[in-house]
Structure formats: C-alpha cells, structure tokens
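Enquirer: Numbering (our numbering), first residue to last: 296 to 410.
Built from N, CA and C at the ideal position, the CB exists for glycine as well.
Okay, handing you the structure first.
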C-alpha cells in the first residue's frame, strides 16, 4: 500500500519562511513534486524533481522556493522563503510510481500567508 504524508504547513506573515516535508512509502517513484491549490483555483504544480536529476519550478516561485530530498529514499522537502499572500493554498505532495505510472497524493497541508 502506497502512503504519502506531508507536514510542515502553518500560518506565517508575508516575507516569512516555512519548510514542508513529505515522506512516501510502498513504491519506487520516478518523480516527486509539490502541488498547491488555492480556494477557487485549479491545482497547480509548484516544483518537482525526477530520478534523473531534473528539477522544475513554476515561474511564480523561482528564486523563493527550493525543492530538495532523496527520491531513492522517498523523501522530499520544500523550503519556502519570502512568502507572499498569494502563496496561500493547500500544498500536496505527489509521487509518480515506476509501476504503471500511478500518481499518489498526500492529504495536503495548509499554508496561510498573512499580509
């Protein structure tokens, strides 16, 4: 059984920082990433890395967010600096399994940035 668990969300003032953590188990992943969904908006990809060493950041977070971790150990982090109110969302950890390309999601963690 595949499990994906996020932690580290919370309330922070604009300009502050938060670090999200993700731990997955039960599979081997070809890529892992962070997505977010704000109220009334579609879920969007924030940052992602692959087993091949590729990294992707959404333009809106480049220079402020840093993804890290060890995909071979199924762990991932998102360091978020210079947070803005528009970063407020539920953040989800996602892993794509090498077995059938199934996508697995965590339950989400709320990040709220006050102005």
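So what's residue 323 in DSSP terms, helix, strand or just coil?
Expert: In this structure, residue 323 counts as coil in the three-state DSSP scheme.
Enquirer: For residue 373 and residue 329, I'd like the C-alpha separation in whole angstroms.
Expert: 8 Å
Enquirer: With C-beta atoms as the reference, is residue 386 less than 9 Å away from residue 343?
Expert: For residue 386 and residue 343, no; Cβs fall outside 9 Å.
Enquirer: Which residue comes first and which comes last in the beta strand (DSSP E) that contains residue 384?
Expert: 384-392 is the span of the beta strand (DSSP E), which, as asked, contains residue 384.
Enquirer: DSSP state of residue 381, grouped into three classes?
Expert: DSSP places residue 381 within a helical segment (H, G or I) once states are collapsed to three.
Enquirer: Would residue 383 and residue 305 qualify as a contact pair, given that the criterion is a beta-carbon distance under 9 Å?
Expert: no
Enquirer: Could you name the residues that DSSP lists as bridge partners for residue 316?
Expert: 302, 372, per the DSSP bridge assignment.
Enquirer: In the DSSP assignment, find the beta strand (DSSP E) that holds residue 297 and state where it starts and stops.
Expert: Unbroken run through residue 297: none, as it is neither H nor E.
Enquirer: Taking the beta strand (DSSP E) that residue 349 falls in, what are its first and last residues?
Expert: Judged by DSSP secondary structure, residue 349 falls outside any beta strand (DSSP E); it is assigned neither H nor E.
Enquirer: Using the rule of at least 16 other Cβ atoms within 10 Å of the residue's Cβ for burial, across every protein chain shown, is residue 300 buried or exposed?
Expert: Its Cβ having fewer than 16 others within 10 Å, residue 300 is exposed.
Enquirer: What are the start and end residues of the beta strand (DSSP E) that includes residue 405?
Expert: 404-409
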